[in-house]
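What follows is one structure encoded as C-alpha cells, with my remarks underneath.
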Amino acid sequence: MPQEREVTEPAEVLRASYGAFAAVVRSITDERSWLPTGCVGWSVRDLVFHCLSDAQRGLVALHTPAEGMPDRDAVTYWADWRPGTVGAANGRRYNRVVASMFLHVEQLCELYAETAAAVVYAAAGAAIDRPVATQGHVLRAGDLIRTLAVEATIHHLDLVVSLPDAPGPSTGGLGEVRRTLDGLLGRPVPVAWDDTRYARAATGRAPLTDADRDRLGPDAARFPLFG
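What follows is the structure, encoded as C-alpha cells:
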C-alpha cells in the first residue's frame, strides 16, 4: 500500500487540484468536447459544466457564513452522495441540456477557468474553522475546501478517459481522495491499489475483482463508498 503522505493545507490542495483540472480544460477544442468521459451519459463539455457548477457552489458557500455547528466534515459530507438515485439521474439530464447551450466550448472553458481562479483566491483567504453552509449542511470552511478538491480530482480522472494525452490529477488531490476514502471505510484500504485505481474502484467507476473482494472482506459489500 502507498506510504502515508503529509496532509496538505486545504487551500493548497484545492489550488493544485483546480490547477491540474484547468490545465486539461484549456486543451479542450470543440471536437474534443463531445468525447465521452468516465461519467455515464456525459461528454467532456457536460463534465466541464458540472465542475463549473461545483466551483460556483463552492464560491457561494465560502461567502455564506452559517450560524449552526457543523454537522458534516470533509469525510462525512460524502455519505449523502450515492450512485443510482433519482437526484443523480436528474442531474445528468440537467447538465447535458445546459452544457449543450454553449455555442462555442471556449466560452464554457473560459468561464470555468475564471470561476476556479476565484474559488482558489477565496479559499486562500478563508478562515478554515469558520462554519459555512452548502447542500443543506454546515461544514467548516477548511472541510468544504477539501471536498471541492476531492470532487475536482475524481472528475479529473473522468475527464481524461478519452483524452490520453492530457495531464493527470495533482498528487495532492489524489492524496486527499485517498484520505477521504479511507475515512469513509474506517481504515486504510487493505488492497495494494494505486491512487487512481482506489479512486475509481471506491466510487463505482471500476469493478472489484475477486481478489479485491477477498482482501476487503465484509467491507466489499460497502463499495462504492460514494459516487
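Numbering-wise, the sequence shown is residues 3 to 229 according to the working numbering.
Built from N, CA and C at the ideal position, the CB exists for glycine as well.
Problem - Distance CB(G40)-CB(V163) smaller than 8 Å - result: By one-based count along the sequence shown, residue 40 stands at place 38. By one-based count along the sequence shown, residue 163 stands at place 161. Closer than 8 Å, so yes.
Exercise for the section: Please classify L141: does DSSP put it in a helix, a strand, or coil? Expected result: Taking the first residue of the sequence shown as position 1, residue 141 is located at position 139. Strand.
Handout entry: Pick from L49, G43, L113 and G229 that is closest to R202, judged by C-alpha positions
Key = For the purposes of this step, residue 202 is taken as residue 200 along the sequence shown, with counting starting at 1. Nearest option by C-alpha distance: G229.
Handout entry: Cβ-Cβ distance between V77 and G185 below 8 Å
Key = By 1-based counting over the sequence shown, the position of residue 77 is 75. By 1-based counting over the sequence shown, the position of residue 185 is 183. Contact: yes.
Problem - Segments assigned alpha helix (DSSP H), at least 4 residues, entirely inside the stretch 48 to 96 - result: none
Handout entry: Rounded C-alpha distance that separates L61 from N92
Key = As a first step, residue 61 is located in the sequence shown; it is residue number 59 there, counting from the start. As a first step, residue 92 is located in the sequence shown; it is residue number 90 there, counting from the start. Between L61 and N92, the C-alpha separation is close to 23 Å.
Problem - CA nearest to the CA of D145, picked from W80, A204, Y96 and L165 - result: The residue you call residue 145 lines up with position 143 of the sequence shown. D145 has its Cα closest to that of W80, out of W80, A204, Y96 and L165.
Practice task
Give me the Cα-Cα distance between D160 and E153, rounded to the nearest whole angstrom.
Solution key: For the purposes of this step, residue 160 is taken as the residue at position 158 of the sequence shown. For the purposes of this step, residue 153 is taken as the residue at position 151 of the sequence shown. Their backbone Cα atoms lie some 11 Å apart in a straight line.
Handout entry: Residues bridged to P133 [DSSP beta-bridge criterion]
Key = Here residue 133 refers to the residue found at position 131 of the sequence shown. R142, per the DSSP bridge assignment.
Practice task
Please name the residue in D216, A223 and P133 whose C-alpha comes closest to that of A63.
Solution key: Start at 1 with the first residue of the sequence shown, and residue 63 comes out as number 61. If we check each option's Cα against that of A63, P133 comes out closest.
Practice task
Could you tell me which residues DSSP puts in a beta bridge with P38?
Solution key: Reading the sequence shown from its first residue, position 36 is the one you call residue 38. According to DSSP, P38 bridges with S45.
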